[in-house]
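Student:
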Amino acid sequence: MKIKILGSGAGGGLPQWNCNCANCTQARNRAGEVLPRTQSSIAVSGNGVDWILINASPDLLAQLRANPELQPARSIRDSGIAAVILIDAQIDHVTGLLMLRERTTPLPLYACAPVFDDLSTGLPLVPLLDHYCGVERHEIALDQPFTVAPAQGIRFTALPIESKAPPYSPRRAEAAPGDNIALLIENVATGARVFYAPGLAAAPEPVLEAMRSAQLVLVDGTFWSATEMIDLGLSRHHAADMGHLAQCGYRGQPGMVQLLDTLPSATRKVLIHINNTNPILDPHSAEHAVIRARGIEVGRDGMQFQV
Ligand code: MLT
Ligand code: MN
Ligand code: ZN
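Structural data, given as structure tokens:
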């Protein structure tokens, strides 16, 4: 089973169009070693030809150009993208659906009921796509393993997690199960597993257990500090208000670094969905050194894994 990080950035990407912070400036000018990053998405394949896209980033077209493996070109109109799974209805994870409208057959789309609800009301991409390629709707049930044709050798399980429904959702303030999920992605032949959660505000025991069962953990790396956006004068919101657990602990509560420390030492730990404000993006920063010293990797676009 192959996993590719198509986009390792959070909403806005890096550089963000209107941002002149140190990271965005470096990434824009290619002045230092801060690499540009597109918005959050991965792809998984069992045979290297048929790919399941997990989240449809606003940068999908650039991601496809950067990853020709996803374009097998078996006929005049063809793509390796066999289906899309959504882990929430956030703009950075769903806008790319619009870029798939030229499909010649309905798009197989897998999501939980609250996500289909948001994508039929506040951001009605599903009814809109009915005027183009159409959507083949597959509702994901929580905690129930499922497969996605034609990738029968890969088993997915959606775990309910604490994060945030999008700002436009009626459930932003009061979450419903299925607004946000983590995915366990299992190679059926070998039993090897990947844990994927670009938005994760907390990891209670069942979530930790899933993380411990995985060889590869691709997890929420949005913020270094819980008050990062406030400290930079960019927002009034803490990381938790946005559904993200920062890498540093806050007010006695452990952060993502402490949480990842509890995983087996053989587990490969990679931060993804990294916001443009996060100092770990600069390989020369002290924060980056802390992450690396803990055996944690900073995700980059184009990283791939064989699991
Ligand atoms: C988030 O996860 O909080 C998002 O990146 C927000 C967004 O897409 O604007
Ligand atoms: Mn996001
Ligand atoms: Zn910036």
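Residue 133 in the UniProt record's numbering is what sits at position 133 of the sequence shown, and the numbering runs on without skipping anything. Ideal Cβ placement from N, Cα and C applies to all residues, glycine included.
In angstroms, rounded to a whole number, what distance separates the CA positions of Ser225 and Ser79?
Tutor: Stepping through the sequence shown from its first residue, residue 225 is reached at position 225. Stepping through the sequence shown from its first residue, residue 79 is reached at position 79. Approximately 39 angstroms between the Cα atoms of the pair.
Student: Jot down the residue ranges of each uninterrupted beta strand (DSSP E) in the region 113-156, minimum 3 residues, whole runs only, in chain order.
Tutor: You should have 135-139, 146-148.
Student: Considering only their Cβ atoms, is the gap separating Ile230 from Val257 smaller than 8 angstroms?
Tutor: As a working note, residue 257 is residue 257 in the sequence shown. As a working note, residue 230 is residue 230 in the sequence shown. Cβ distance not < 8 angstroms, so Val257 and Ile230 don't count as in contact.
Student: Could you tell me whether any non-hydrogen atom of the ligand ZN is closer than 7 angstroms to the CB of Cys21?
Tutor: Here the question's residue 21 lines up with position 21 in the sequence shown. At least one heavy atom of the ligand ZN is nearer than 7 angstroms to the Cβ of Cys21, so yes.
Student: May I ask you to check if the CB of Gln306 is nearer than 7 angstroms to at least one heavy atom of the ligand ZN?
Tutor: Looking up residue 306 in the sequence shown gives position 306. False, no ligand heavy atom lies under 7 angstroms from that Cβ.
Student: Look at the alpha carbon of Gly96 and the alpha carbon of Arg103, and state the distance between them as a whole number of angstroms.
Tutor: Your numbering for residue 96 matches position 96 in the sequence shown. Your numbering for residue 103 matches position 103 in the sequence shown. Their backbone Cα atoms lie some 13 angstroms apart in a straight line.
Student: Check for me: the alpha helix (DSSP H) holding Ile91 runs from which residue to which?
Tutor: Within the sequence shown, residue 91 is the residue found at index 91, counting from 1. Taken as a continuous stretch (DSSP letters only), the alpha helix (DSSP H) holding Ile91 covers 91-94.
Student: Is the Cβ-Cβ distance between Asp92 and Ser40 less than 8 angstroms?
Tutor: By one-based count along the sequence shown, residue 92 stands at place 92. By one-based count along the sequence shown, residue 40 stands at place 40. In this structure, Ser40 lies closer than 8 angstroms to Asp92 by Cβ.
Student: Mapping DSSP to helix, strand and coil, what is Glu186?
Tutor: Position 186 of the sequence shown, counted from the first residue, corresponds to residue 186. Glu186: strand per DSSP, three-state reduction.
Student: According to the neighbour-count rule (16 or more other Cβ atoms, all chains shown, within 10 Å of its Cβ), is Gln306 buried or exposed?
Tutor: Position 306 of the sequence shown, counted from the first residue, corresponds to residue 306. With fewer than 16 Cβ atoms within 10 Å of its Cβ, Gln306 is classed as exposed.
Student: Between Met48 and the rest of its own chain, which residues show a CB-CB distance below 8 angstroms, the 5 nearest in sequence each way excluded?
Tutor: For the purposes of this step, residue 48 is identified with residue 48 of the sequence shown, where counting begins at 1. Reading off the sequence shown, one finds Gly at residue 48, where the question assumed Met. Within the same chain, Gly48 has close Cβ partners Lys2, Glu69.
Student: Do you know how far the Cα of Gln247 is from the Cα of Ala62?
Tutor: Indexing the sequence shown from 1 puts residue 62 at position 62. Indexing the sequence shown from 1 puts residue 247 at position 247. Spanning the two alpha carbons is a distance of roughly 29 angstroms.
Student: Is the beta carbon of Ile291 closer than 8 angstroms to that of Ile280?
Tutor: Indexing the sequence shown from 1 puts residue 280 at position 280. Indexing the sequence shown from 1 puts residue 291 at position 291. Going by C-beta atoms, Ile280 is nearer than 8 angstroms to Ile291.
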